[in-house]
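The sequence shown begins at 1 in the numbering used here and counts up by one. Some notes on the structure that comes next.
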Amino acid sequence: DLGKRQISQLRNEIGSCKSKIKESRQLIEKLRQRAEMSDRLKAALLANIKDELGNPLNSILGYAPFLKSQTLDDSRKMEYLDIIARDSRRFLDTIYDLYYYSKLMVGDVEPVASTFNINAMLENAVSKARQQVAQAGKNVEVRLSQSISSGFICGFEAGYVKIISNLLSNAVKFTSEGVVDVRCSEN
């Protein structure tokens, strides 16, 4: 009788161990998949960094030598200086973004949710996009068609600003003529 109980206990313990081994294998598989996804995201990030940092830097390095030219008139020099200043800001903004997001990823910084006026943020982003259109001399209208009635939402404001700014900047950059229509709804 004692032997049967011990055998039964051993079977239960073996069953429990098998269950824990199965759970551990599932967890290991999930972690492996996350690590692979992380590797793919890192590779994509590095590919994007080449463009995000390389493009403004190429512009800066490309226009800077022309400023030494004696044959360049003052208006052309000012135009080149404006391009260098704009792309220098873009370059620096990208470096700050990379630094901030790396701090987020390792947990050194926690995004803080706050209540903010999404309509005001969108109006500001649309205004900046209109300036981008004017500087590029494009025939593009940027408009804000809809907004949220209350205007206030809770979220990570800096993240919203960055995402909306990037979306609008790309929309303007890749639209030669027409309309960039920004819509925001509560649905």
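Think of the CB as a built atom: it goes at the ideal place given N, C-alpha and C, for glycine as much as any other residue.
Cut-off 6 angstroms between Cβ atoms - residues of its own chain near residue i, not counting five sequence neighbours on either side
| i | result |
| --- | --- |
| isoleucine 153 | Ile118 |
| threonine 115 | Phe152, Cys154 |
For residue i, the nearest candidate out of the options (CA to CA)
| i | options | result |
| --- | --- | --- |
| valine 112 | Gln135, Ile84, Lys138, Gly155 | Gly155 |
| serine 185 | Tyr160, Ala171, Glu36, Gln146 | Gln146 |
| leucine 45 | Asp181, Asp97, Thr175 | Asp97 |
Residue i, buried or exposed, once every other Cβ within 10 Å from all chains shown has been counted against 16
| i | result |
| --- | --- |
| isoleucine 198 | Past the edges of the chain, shown from 1 to 187, lies residue 198, and the structure says nothing about it. |
| tyrosine 99 | exposed |
| valine 142 | buried |
| serine 87 | In the sequence on display, residue 87 carries aspartate and not serine. It counts as buried. |
Coarse secondary structure for residue i, derived from DSSP in three states
| i | result |
| --- | --- |
| valine 172 | helix |
| isoleucine 148 | coil |
| aspartate 181 | strand |
Span separating the alpha-carbon of residue i from that of residue j
| i | j | result |
| --- | --- | --- |
| valine 106 | serine 24 | 25 angstroms |
| glycine 62 | alanine 134 | 23 angstroms |
| glycine 54 | alanine 85 | 15 angstroms |
| serine 8 | isoleucine 14 | 10 angstroms |
| valine 180 | lysine 103 | 33 angstroms |
| aspartate 82 | phenylalanine 91 | 14 angstroms |
Same chain, Cβ closer than 7 angstroms to residue i, five either side skipped, listed in chain order
| i | result |
| --- | --- |
| alanine 64 | Ile84 |
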